[in-house]
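Chains as they are written, first to last, in the working numbering: chain Z, 3 to 115; chain R, 330 to 442.
Here it is in structure tokens:
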């Protein structure tokens, strides 16, 4: 089974801090994604990557950046954390781009105080 | 953008068949329809995908009418463990940007004894 591992389950950071959320997948998937999930809003795509060093904006990229230096690793960066970035962050990987076969990590619950 | 509309919540009892319908009036010719299941504190998990007519696997069936403007996820004989949020996805994420794959807010299914 493909495994997607997110580095932290819970994280508390202060406003203005630079935050790194790490995600690693072990099945050689080309595509990787970062979503955030908020009550009443469902899952919203922040960024995705279909190849090493490639990145594309999703629906809500503002305030975030990403890095994909190796195929298995996709990092989400909050350059200057703000309280409205308090959320559940979910990383996923997939072979295809038609929405099938996404494997998600368990999520990182980030609280910005 | 193929926006999806699902009921916010549904209730059922163990042993019953549950049908969750998703509307996607703006579905494009190349779009597939995919359903995911999410338990609390976990990432979504792939259930089933289809393009047209009917698809069945070991856990669910997916019914898609000829016009493809809606789809119905059918869960046979649900149990308490099927209590979860179910998401309908339509579209893809093309290279070059522009997210066309959205999760929406999902349907909270509650199964009781």
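Ideal Cβ placement from N, Cα and C applies to all residues, glycine included.
Query: Residue 43 of chain Z lies in the beta strand (DSSP E); which residues open and close that run?; Result: Element bounds for residue 43 of chain Z: n/a, residue is neither H nor E.
Query: How would you call residue 57 of chain Z, buried or exposed, if buried means at least 16 neighbouring beta carbons within 10 angstroms?; Result: buried
Query: Round the Cβ separation of residue 437 of chain R and residue 407 of chain R to the nearest angstrom and send it over; I've been treating them as touching at under 8 Å.; Result: Contact doesn't hold; Cβ gap of about 13 Å is too wide.
Query: May I ask you to list, following chain order, the residues of the segment 367 to 392 of chain R that have a beta carbon less than 8 Å from some beta carbon of chain Z?; Result: 370, 371, 372, 373, 374, 375 and 378
Query: Using a C-beta to C-beta distance shorter than 7 Å, which residues of chain Z count as neighbours of residue 334 of chain R?; Result: Going along chain Z, no residue has its Cβ under 7 Å from residue 334 of chain R, so there is no contact; the nearest lies around 12 Å.
Query: Just grab the DSSP bridge partners of residue 342 of chain R for me.; Result: R:441
Query: At least one CB of chain R closer than 9 Å to the CB of residue 89 of chain Z: is that the case?; Result: no
Query: Taking all protein chains shown into account, decide if residue 356 of chain R is buried (16 or more other Cβ within 10 angstroms of its Cβ) or exposed.; Result: buried
Query: Examine the Cβ distances between the segment 347 to 354 of chain R and the segment 390 to 408 of chain R and report whether three or more of them are shorter than 8 Å.; Result: yes
Query: If you scan the segment 50 to 85 of chain Z from start to end, which runs of the alpha helix (DSSP H) of 4 or more residues do you find wholly inside it?; Result: none
Query: Quick one: give me the first and last residue of the beta strand (DSSP E) that residue 90 of chain Z is part of.; Result: 89 to 96
Query: Drop a sphere of 10 angstroms on the beta-carbon of residue 34 of chain Z, count the other beta-carbons inside from all chains shown, and report buried for 16 or more, exposed for fewer.; Result: buried
Query: Can you name, in chain order, every residue of its own chain whose Cβ lies under 6 Å from the Cβ of residue 82 of chain Z, other than the five neighbours on each side?; Result: 18
Query: Helix, strand or coil for residue 390 of chain R, going by three-state DSSP, please let me know.; Result: strand
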